[in-house]
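Following: one structure in structure tokens, then a few remarks.
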Amino acid sequence: MPSPAERPVLVPILGDQLTRTIASLRGRTKDDTVILMMEVWDEATYVRHHKQKIALIFSAMRHFAAELRDAGWTVDYVELTDTDNAGSFTGEIARAVERHDPRAIHVVEAGEWRVQQAIEEWPDKFSCDVEILPDDRFVCSLAEFREWAEDRDSLRMEFFYREMRRKTGLLMHGDGKPEGGEWNYDSENRKPPREGLSAPQRPLVEPDDITRECIDLVEEKFGDHFGSLENFGWPVTRDQAEEAADAFFAERIECFGPYQDAMVHGQDDLFHSMLSTSLNLGLLDPLDLCRRAEKAYEEGKAPLNSVEGFIRQIIGWREYIRGFYWLQMPHLQEANALNAQRGLPEFFWTGETDMRCLADCIRSTRDNAHAHHIQRLMVLGNFCLIAGISPREVQDWYLVVYADAYEWVELPNVAAMVLYADGGKLASKPYAASGNYINKMSNYCSDCAYSVSKKTGEGACPFNSLYWHFMDRHRDTLESNHRIGRVYSNWDRMGEDKQAAYLETAQDFLDRLEPADKGWAREQ
Ligand code: FAD
Ligand code: DLZ
Ligand code: SF4
């Protein structure tokens, strides 16, 4: 029988922990470590993920395992189709404990609450030591976020972001002042798309043999999941992710800021970085990416509003969203402050709607497993908010359809930012908007079956009447919010006939919405 010292340490690496410097590997020696990576049925099906998302994660995991082996590590890799695959992380750990008789398990905490609950049971389930290490691939630790949030009435991102700027020194002067004198250049980042606006095509990564095998596996096992695999071009290795970042810094960051909120029919990525999948898998380091953006500014290759905007998305929003998730779980999953109960419409899965803005965003979502932020927030999300769609159904949809979707980042964005389901802890007011906003920031309305300038009746843009229906039905909750401004005095000034026309048009539209089969998102 091997002595404890001869027994290896088992290091499970989960699908979104594909970082060579991950805490569980740091300081370990190759001759007494077995790395375990597991493709498991439970993770692939807890919601019915977009096909590109599963292919991306499996391919990135397989490439990562190959890199580790090349570097001399022992990797025990369990494929989805391996005989005896137990189907769950805990089941696979049990089998690995049998195979390797480890003296300890060292695992980095999970990104998702659901998985973390399972990991926390391991010390009781297995007889060896289990060490659960903090995930330090973020700028702000969870303990630090908790401390920041403690005793604050308002958890606004802007104040957190300033702390992160001070902490990292990004775009900061020695005297503690922000570069350019302002913390935030958002007001310069709302340019509507000018006629003919087009961005350089993002380089797509040609699938290699490993990726093609994963694509075939997904078609075979998950062929009835939402989405198309045809356009698969995601980076699946760190080198590829770095090349994607190079292309962003060379070609798109300059216009990233000004056109951050713009939407153009058929231009799916516009000037966005398309780096969220790589960041969330662990292929890219968030701080390093921000330092590269800062360098582009210092070298005069990108304007301050673009660079500050990009850095804010990462050390501001991304970090804040993660901290908020862990602070609010598990009740955030159930939050429904506005008591929204309507089922998600079927067209979210089929894309079959005459509303051109929604049809284009859903098409991009189906073809690319991606839509950019303003499409997610102000078209898809805004519709769900003002139509009163149930948070659980909206959450499931977003978790399924995006290749970058993990609950820690999806849930706060959906429940708190989009649906105001947390009652305003994250957002100071609901992001509700009429067709006017979409018309200003996109070219969708010019060729839509509905008329954006028509407010009520047949052919009127549904966003117009739904907006007022939303405001009217939540008057008790929202009227006292000082950021809602003059909305209710405008509403009252309209007079009863106009109000009735709005409410009738909206109700008529809502009555005709066909709810989706719940089987699209989860096995029934
Ligand atoms: P860019 O526009 O280039 O931004 C740069 C980076 O900033 C992103 O890669 C991302 O890491 C980060 N970022 C920007 N906004 C946010 C944000 N609100 N929250 C967290 N990080 C942010 N992002 C995800 O990574 N996974 C999700 O599941 C997800 N779900 C979302 C759901 C809704 C309803 C909304 C409104 C936003 C969601 N986001 C999510 C945030 C954002 O839409 C995506 O990160 C972004 O579209 C990814 O594309 P990009 O890499 O081109 O981003
Ligand atoms: C999303 C996902 C999928 C589809 N499949 C796997 C898998 O088979 N094995 C794995 O390790 N991870 C997978 N993931 C990502 C996990 O769900 C992710 O690591 C957890 O959500 C983190 O808590
Ligand atoms: Fe969307 Fe309304 Fe514009 Fe049509 S008119 S694209 S539904 S905002």
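Residue numbering for the sequence shown follows my numbering, beginning at -7 and increasing consecutively.
Where is the CB? At the ideal position from N, CA and C, for every residue including glycine.
Below 6 Å CB to CB, which residues in the same chain sit around residue i once its five sequence neighbours on both sides are set aside?
i: Ile303; result: Leu162, Cys282 and Ala285
i: Ala408; result: Asp414 and Leu418
i: Asp121; result: Ala96
i: His264; result: His364
i: Arg420; result: The sequence shown places Ser at residue 420, not Arg. Contacts found: Arg475.
i: Thr229; result: His55
i: Gly373; result: Val410
i: Ala236; result: Pro227
i: Leu273; result: Asp8, Leu10 and Ala52
i: Ser356; result: Asp260 and Ala363
i: Arg194; result: Asp261 and Met266
i: Asn328; result: Pro383 and Ala413
i: Ala441; result: Asp346
i: Ala493; result: Thr448
On the premise that residue j lies in contact with residue i, defined as a C-beta separation below 8 Å, what is that separation, rounded to the nearest angstrom?
i: Ala351; j: Tyr394; result: No, Ala351 and Tyr394 are not in contact; Cβ-Cβ is about 18 Å, not under 8 Å.
i: Pro0; j: Val32; result: Wrong, their Cβ atoms sit about 21 Å apart, outside the cutoff.
i: Gln367; j: Met463; result: Not a contact, Cβ separation roughly 23 Å.
i: Glu123; j: His98; result: 5 Å
i: Ser119; j: Pro126; result: Contact flag wrong, Cβ pair sits at about 24 Å.
i: Gly308; j: Met149; result: 6 Å
i: Arg244; j: Pro185; result: Their Cβ separation, rounded to whole angstroms, is 15 Å, which puts Arg244 and Pro185 out of contact at 8 Å.
CA-CA distance, residue i and residue j?
i: Cys437; j: Asn431; result: 6 Å
i: Ser472; j: Gln387; result: 28 Å
i: Pro383; j: Phe50; result: 29 Å
i: Leu287; j: Glu139; result: The sequence shown places Lys at residue 287, not Leu. For Lys287 and Glu139, the distance between alpha carbons rounds to 31 Å.
i: Trp512; j: Ala242; result: 39 Å
i: Gly172; j: Thr160; result: 17 Å
i: Leu271; j: Arg12; result: 13 Å
i: Leu28; j: Glu112; result: 18 Å
i: Glu488; j: Leu495; result: 10 Å
i: Asn176; j: Glu450; result: 42 Å
i: Glu104; j: Asp208; result: 27 Å
i: Leu330; j: Glu385; result: 14 Å
i: Glu205; j: Leu275; result: 21 Å
i: Leu369; j: Thr469; result: 21 Å
i: Gly168; j: Tyr153; result: 14 Å
i: Glu211; j: Gly219; result: 11 Å
i: Gln108; j: Leu403; result: 16 Å
i: Leu6; j: Ser481; result: 53 Å
i: Pro507; j: Leu336; result: 6 Å
i: Asn297; j: Gly249; result: 6 Å
i: Tyr289; j: Arg106; result: 40 Å
i: Arg465; j: Asp509; result: 27 Å
i: Val479; j: Ser426; result: 12 Å
i: Ala135; j: Ala102; result: 15 Å
i: Met30; j: Cys349; result: 39 Å
i: Ala110; j: Ala452; result: 50 Å
i: Val3; j: Lys43; result: 28 Å
Which residues in the same chain as residue i place their Cβ atom closer than 8 Å to its Cβ, once the five residues preceding and following it in sequence are excluded?
i: Ala498; result: Pro454, Ser457, Leu458, Trp460 and His461
i: Asp76; result: Arg87
i: Ala424; result: Asn374, Leu377, Ile378, Tyr459, Phe462 and Met463
Cβ-heavy atom distance between residue i and the ligand SF4 below 8 Å?
i: Phe455; result: yes
i: Gly427; result: yes
i: Ser190; result: no
i: Lys131; result: It should be pointed out that residue 131 corresponds to Val in this sequence rather than to Lys. Outside the cutoff, so no.
i: Ser443; result: yes
i: Tyr436; result: yes
i: Leu273; result: no
i: Cys376; result: no
i: Leu502; result: no
Please work out which residues of its chain come closer than 7 Å, Cβ to Cβ, to residue i, disregarding the five sequence neighbours upstream and downstream, and give them in chain order.
i: Ser527; result: Only positions -7 to 516 of the chain appear in this structure, which leaves residue 527 out of reach.
i: Pro199; result: Ile207 and Phe224
i: Gln252; result: Asn181 and Gly301
Mind checking whether the beta-carbon of residue i lies closer than 8 Å to any heavy atom of the ligand DLZ?
i: Val392; result: no
Can residue i be considered in contact with the ligand FAD, in the sense that its beta carbon sits closer than 8 Å to one or more heavy atoms?
i: Gln109; result: no
i: Glu402; result: yes
i: Arg261; result: Residue 261 is actually Asp in this sequence, not Arg. True, at least one ligand heavy atom lies under 8 Å from that Cβ.
i: Asn405; result: yes
i: Gly373; result: yes
i: His523; result: Any question about residue 523 goes unanswered here, given that the chain covers just -7 to 516.
i: Ile207; result: no
i: His55; result: no
i: Tyr398; result: yes
i: Trp309; result: yes
Legend entry - Beta carbon nearer than 5 Å to a non-hydrogen atom of the ligand DLZ: Leu6, Gly7, Asp8, Glu31, Val32, Glu35, Ala36, Ile46, Ile49, Ala102, Gly103, Glu104 and Val107
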